[in-house]
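So the protein sequences, as listed, match chains A and B.
Note that this note's numbering has the first sequence beginning at 30, numbered continuously upward.
Note that this note's numbering has the second sequence beginning at 211, numbered continuously upward.
Just so it is clear, CB atoms sit at the ideal spot from N, CA and C, and this is done for glycine as well.
Down below is the structure, laid out as structure tokens.
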Amino acid sequence: MAATAPAPMPSAGSPRLYHLAGTLLRYAPVAVLFIVWDLLGRTGLISRQMLPDLADIFSAFTTMLLSGDLLYNSARSISRAATGLGLAVVIGIGAGLLMASFRPVRLIVNPIVQLFYPMPKSALIPVVMIWLGLGDSSKILLIFLGCLLPVVVGTYNGAKGVNPFLLWSAASLGASRAQVMREVVLPAAMPDILNGCRTALAFSFILMVSSEFVIATDGVGYMISSLGDGGLYPAMFAAIFFVAAIGFAADRLYAALVRRLLRWREA
Amino acid sequence: MRAASAQRMEDAATGIAIRNVSHSYGPAGHGVLALDRISLDIGDCEFHCLLGPSGCGKSTLLYLLGGFIPVQSGQIVTPKGVVTGPGPDRSIVFQNFALFPWKTVRDNVLYGLKKAGFAADERARRAQEYIDLVHLTGFEDSYPSQLSGGMQQRAAIARTLAVDPRILLMDEPFGALDAQTRRVMQEELRAIWRRSRKTVVFVTHDVQEAVFLADRISIMSARPGRIEHIIDVDLPKDRGEEILEDSQFIQLSEQIWRLVREQAIAATRGAH
């Protein structure tokens, strides 16, 4: 399976500095947003309660960062999201492959998937609380349930769409059914699987924060809601920005991983 | 011409015996009949071309031989017994798009060799040998998406030849290649076959290609596919480019072309 040497890829051919300048320019609209924020605050058009001074938010951020509050709560949140997402990816890929290969499984699972797919999973927050209480397991279950279906659907669609000539080629080279599944269907479906996982990644952040609003005594979601309740708006915004940054970083990392896994598609 | 096929009956145990095979697509009872009671014996080490207009079911017959689609009625017997599914004794080259796109050329060729149970160093040696054979030296680490259609097809042929199947099935393998590459590949395939002595079943709609490559040619009728004629190609075993000028070659090609044309005309009439 393992590729021997990575194939020579056409490089962008631009120096590093040039690349950095390009990235900065691309995100310039974000800077504009902050300038507008600042101006709206300064002119007094919008109260400081609603849009706190960016300098205050920054100092609240440094305080929370230095005290370790922010990192501790983020770590708690991320561990829940990662566990729920990880379970959803493993079980979702397995379920999707089974659905694609076995008609009985498809007949049983498909209607259930179709019914639950459009349901907002945050509606299940009270349910998982009743089932599993206030501990980590209730939030992990919620995140798992929310992330499962995009992975199942992505895997199923990918596996159903595999070019039959690839399956036949593998079979005529001596691959068993299980080998065809692992060595052909799985990699051929990988682009769709990775798309499903990207949706699941976004869902995991949404459900992580929203479940911590309701059922938690730590985590970034809990921090945001308790700081808001306490009227500490600059600190609340600092926590919101921080979780947004983590989400952004996770998405970028994921995109880099996808590019690596799907290197064979670029040419 | 039919006498020749009857005489080959005794070869069935070592060659391929197709007995009364029919096949239809679509819902049972209301399907379209693609193959109508095909019986054909292909001798051991024979190079056999299935020739016919498009839609005559020649690819379907090949897929049945490969075991990719289940035999609905009749029977196909190879030296390994009755065909019930795909197997490495009957490897196939498709027209297009059958390389694993996530594997490099080398890893594609290695795939079948691993399945065949070769030791690691033997695998590497054979993979290189067949990559060299199809002139892809230097492209071992390229992905299919980085290669032209012709190069991809050569890689697919290397992957199939490397496992040295007893029976080689080819579904218009040169159909997507440019004229020059096509000619070179035909000559090389014929040379490889002469050296390795395997049974080849080669599907094509190109008369010249069939005459150039085959020992015998089955001409199939338009849908539903039947074998209308079986032609022995009595040309020298060693065939190079010069044979294209040979009067016997030209005569045979014209004779076969007329037979195929009849079927093609019947097909266009039958369609209305």
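- Per DSSP, the continuous alpha helix (DSSP H) segment holding aspartate 258 (chain A) begins and ends at 249-258.
- The Cβ-Cβ distance between leucine 399 (chain B) and leucine 423 (chain B) falls below 8 Å.
- Of all residues in the stretch 279-295 of chain A, only Trp293, Arg294 place a beta-carbon less than 7 Å from a beta-carbon of chain B.
- Taking all protein chains in view, the Cβ of glycine 164 (chain A) is surrounded by fewer than 16 other Cβ atoms within 10 Å, so the residue is classified as exposed.
- Annotated as distal: leucine 127 (chain A) and proline 298 (chain B), with beta-carbon spacing of 8 Å or more.
- With a beta-carbon spacing of about 10 Å, glycine 175 (chain A) and phenylalanine 234 (chain A) fall beyond the 8 Å limit used to define contacts.
- Less than 8 Å divides the Cβ of glycine 435 (chain B) from the Cβ of glycine 262 (chain B).
- If you draw a 10 Å sphere on the C-beta of arginine 289 (chain A), you find fewer than 16 other C-beta atoms in it, and that means exposed.
- Setting aside the 5 residues that flank it on each side, alanine 124 (chain A) is surrounded in the same chain by Val181, each with a C-beta closer than 6 Å to its C-beta; the list follows chain order.
- Around the C-beta of proline 133 (chain A), fewer than 16 other C-beta atoms lie within 10 Å, and the residue is accordingly described as exposed.
- Listed by position along chain B, the residues whose Cβ is nearer than 8 Å to that of glycine 203 (chain A) are Gly297, Pro298, Gly322, Lys325, Ala326, Val373.
- Remark: three or more beta-carbon pairs, one from each stretch, lie closer than 8 Å, so the stretch 265-273 of chain A and the stretch 82-92 of chain A are flagged as touching.
- When only Cα atoms are considered, glycine 277 (chain B) and leucine 196 (chain A) end up about 12 Å apart.
- Per DSSP, reduced to three states, the secondary structure at glutamate 295 (chain A) is coil, with no helix or strand assignment.
- In the DSSP assignment, leucine 245 (chain B) falls within the unbroken beta strand (DSSP E) covering 242-252.
- Under the Cβ criterion (8 Å, minimum of three pairs), the stretch 216-232 of chain A does not count as touching the stretch 59-73 of chain A.
- Judged by beta-carbon spacing, threonine 347 (chain B) lies beyond the 8 Å limit of isoleucine 377 (chain B), meaning their Cβ atoms are not closer than that value.
- Collapsing the DSSP output to three states places tyrosine 235 (chain B) in a strand.
- Closest option to leucine 309 (chain B), judged by alpha-carbon separation, among A:Met237, A:Ala284, A:Asn192, A:Pro58: A:Asn192.
- Contact between serine 428 (chain B) and isoleucine 440 (chain B) holds, with the beta-carbon distance rounding to 5 Å and staying under 8 Å.
- For valine 315 (chain B), the number of other beta carbons within 10 angstroms of its own is at least 16, and it is reported as buried.
- At a cut-off of 8 Å between C-beta atoms, proline 311 (chain B) counts as an interface residue with respect to chain A.
- Residue pairing for isoleucine 269 (chain A): DSSP places it in no beta bridge.
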